[in-house]
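Asker: Mapping the sequence shown onto our numbering, position 227 (from 1) lands on 227, and the numbers just tick up by one.
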Amino acid sequence: MDRNFARALSLVLKSEGGWSDNHADPGGATMKGVTLATFRRYVKGDASKAELRAITDAQVATVYRRFYWDAVAGAELPDGIDYAVFDFAVNSGPGRAAKYLQAVLGVTQDGRIGPETLAAARAKPAGVIIDALCDARLAFLEKLLTWPNFGRGWSARVAAVRRQALLMSAAPQQTTAAGPPVQAAADGAAPAASPVGGSPATAQAPAAQPGSTRAGAAGILALIALALGSLTAWATYLPCNLFGVLCQ
Numbered sequence: 001m002d003r004n005f006a007r008a009l010s011l012v013l014k015s016e017g018g019w020s021d022n023h024a025d026p027g028g029a030t031m032k033g034v035t036l037a038t039f040r041r042y043v044k045g046d047a048s049k050a051e052l053r054a055i056t057d058a059q060v061a062t063v064y065r066r067f068y069w070d071a072v073a074g075a076e077l078p079d080g081i082d083y084a085v086f087d088f089a090v091n092s093g094p095g096r097a098a099k100y101l102q103a104v105l106g107v108t109q110d111g112r113i114g115p116e117t118l119a120a121a122r123a124k125p126a127g128v129i130i131d132a133l134c135d136a137r138l139a140f141l142e143k144l145l146t147w148p149n150f151g152r153g154w155s156a157r158v159a160a161v162r163r164q165a166l167l168m169s170a171a172p173q174q175t176t177a178a179g180p181p182v183q184a185a186a187d188g189a190a191p192a193a194s195p196v197g198g199s200p201a202t203a204q205a206p207a208a209q210p211g212s213t214r215a216g217a218a219g220i221l222a223l224i225a226l227a228l229g230s231l232t233a234w235a236t237y238l239p240c241n242l243f244g245v246l247c248q
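(1) Thinking C-beta only, is I130 closer than 8 Å to S169?
(2) Quick one: give me the first and last residue of the alpha helix (DSSP H) that P148 is part of.
(3) For V43, does the three-state DSSP call read helix, strand or coil?
(4) For the alpha helix (DSSP H) containing Q59, name the first residue and the last one.
(5) Look up W19 in the DSSP assignment and give the residues it is bridged to.
(6) Can you tell me whether R96 is helix, strand or coil according to DSSP?
(7) Whose C-beta lies closer than 8 Å to the C-beta of A217 among residues of the same chain, with five residues either side of it excluded?
(8) Compute the distance between the beta-carbons of Y83 and N22, then report whether it is under 8 Å.
(9) Just tell me which of A54, G153, F67 and G45 has its CA closest to the CA of L9.
(10) Whole-angstrom Cβ separation of Q164 and L11, contact assumed at under 8 Å?
(11) Which residues in the same chain as R112 place their Cβ atom closer than 8 Å to its Cβ, once the five residues preceding and following it in sequence are excluded?
(12) Where does A73 land, buried or exposed, given buried means 16+ other C-beta within 10 angstroms?
(13) Alpha carbons only, please: which of A71, R41 and I81 is nearest the one belonging to Q59?
(14) Determine the closest residue to A75 out of D2, A171, A160 and E51, with distance taken between C-alpha atoms.
(15) Tell me whether K143 sits in a helix, a strand or coil according to DSSP, three-state version.
(16) Any idea if G80 is buried or exposed, counting beta-carbon neighbours within 10 angstroms, 16 or more meaning buried?
(17) Distance, Cα to Cα, L138 vs G153?
(18) Apply the 10 Å Cβ neighbour rule to G117 and answer buried if 16 or more other Cβ atoms are within range, or exposed otherwise.
(19) If you draw a straight line from the C-alpha of A6 to the C-alpha of T62, how long is it?
(20) Taking the alpha carbon of R65 as the reference point, which residue from V90, G45, P78 and A54 has its own alpha carbon closest?
(21) If distances are taken between C-alpha atoms only, which option among G95, K124 and V161 comes closest to G106?
(22) Given a threshold of 16 other Cβ atoms within 10 Å of its Cβ, counted over all protein chains shown, does E142 qualify as buried or as exposed?
(23) Measuring straight from C-alpha to C-alpha, what distance separates G197 and G18?
(24) Measuring straight from C-alpha to C-alpha, what distance separates Y100 and D57?
(25) Which value, in whole angstroms, describes the spacing of the CA atoms of F39 and G45?
(26) Within the continuous alpha helix (DSSP H) that includes E76, where are the two ends?
(27) Output the distance between the C-alpha atoms of S15 and A160, rounded to the nearest integer angstrom.
Below you can see the structure in the form of C-alpha cells.
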C-alpha cells in the first residue's frame, strides 16, 4: 500500500548505494540508483553528471515515486508484494517487473498493472506471490551477460528483498478510529479496547461468561446446603453435649 513507499524506498536505497559510473553497467552514470537519463527526464533536462551526483533526497524520492512506484501501482498492491515489485522495477525496469508479476499471477502479461492484475494479486497469499516472483527474478538475472560481473550482488539483493517483503506481508496493520495504525495480533484477533481516556494496561477485565456464572452460583448453593446440614446435626446433639446424656 502507499503507506509503504517510504519504507520501500529506504530499503531500495540501501541496495542501490551511492555514486557509480561503471562502464560495464548498461545504466551508465548512476547516483542512488537514479541514472543520468532518468534524472534528465524527471528533474533537469540538460543535467550533467556532476548535478546527478549532487541529487537531493527530495529529488530522489520524486524520481522513485514517479518512475518506479507509480509505474507498478505500488499504492494499490498488497503489503510486501508492493516492495518486491518496486525493487524489481528499480533493478530491471517497471515494464519487466510488471510482466513477471503478471506471469506469476497467471494473467495477461501486458506490462501494465491494472484491475485484473490487482484482483489476482489480492486473491492469492502474498507470501506465495513474493516467493514465486523472487524466484523468477533471480532466474532472469542469471541469464544476463553481466551476471559474472554483478551476479553476487544481485543474488544477495534478491534474497534481502524476499526476506523483507515476506516480513511486510506477515505484519498487516489495522487502522483504528481512535488512533494511528496498530499491528494486528499474531492470531488475527483484534487488539483489546481500552477505556475512554485510558490505556490498554488499564482496560477493564472481560465480563464473566454465562457458563462460569452458573457454575459459581451452583458452588454457593452447595456451600449453603453443607452449612445447613452441619447446623442441623449440631442442634440435634446439643442436649447431649449440655447434659452429658448419651445420645443414640
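Glycine included, each C-beta is placed from N, C-alpha and C at the ideal position.
Answerer: Walking through what the data contain:
(1) The criterion of a C-beta distance shorter than 8 Å is satisfied by S169 and I130.
(2) Counting along the chain, the alpha helix (DSSP H) containing P148 begins and ends at W147 to A170.
(3) V43: coil per DSSP, three-state reduction.
(4) Note, Q59: alpha helix (DSSP H), D57 to V63.
(5) Its beta-bridge partners are M31.
(6) In the structure shown, R96 falls within a helical segment according to DSSP collapsed to helix, strand and coil.
(7) Note on A217: pLDDT 49, under 50, position unreliable in the model; the coordinate value appears next. Excluding positions up to five away in sequence, the list is empty.
(8) No, Cβ-Cβ distance for Y83 and N22 is not below 8 Å.
(9) Comparing alpha-carbon positions, the option among A54, G153, F67 and G45 lying closest to L9 turns out to be F67.
(10) The beta carbons of Q164 and L11 sit about 6 Å from each other, so the pair counts as a contact at 8 Å.
(11) Answer for R112: A98, listed in chain order.
(12) So A73 ends up on the buried side.
(13) Per the Cα distances, R41.
(14) When C-alpha distances from A75 are compared across D2, A171, A160 and E51, the shortest belongs to D2.
(15) Note: K143 maps to coil in three-state DSSP.
(16) Buried, by the Cβ-count rule.
(17) Their Cα atoms are separated by approximately 11 Å.
(18) A quick correction: the sequence has Thr, not Gly, at residue 117. Buried, because 16 or more other Cβ atoms sit within 10 Å of the Cβ of T117.
(19) Going by the C-alpha atoms only, they are around 11 Å apart.
(20) Comparing Cα positions, the closest option is V90.
(21) The shortest C-alpha separation from G106 is found at K124.
(22) Here E142 is exposed: its Cβ has fewer than 16 other Cβ atoms, across all protein chains shown, within 10 Å.
(23) Only weak support exists for where G197 lies, its pLDDT of 34 falling under 50; the value from the coordinates is given anyway. A direct Cα-Cα distance of roughly 47 Å separates G197 from G18.
(24) If you take the alpha carbons of Y100 and D57, they lie about 30 Å apart.
(25) Taking the straight line from one Cα to the other gives about 8 Å.
(26) Boundaries for E76: no alpha helix (DSSP H) harbours it, and the DSSP string shows neither H nor E there.
(27) Rounded to the nearest whole angstrom, the CA to CA distance from S15 to A160 is 9 Å.
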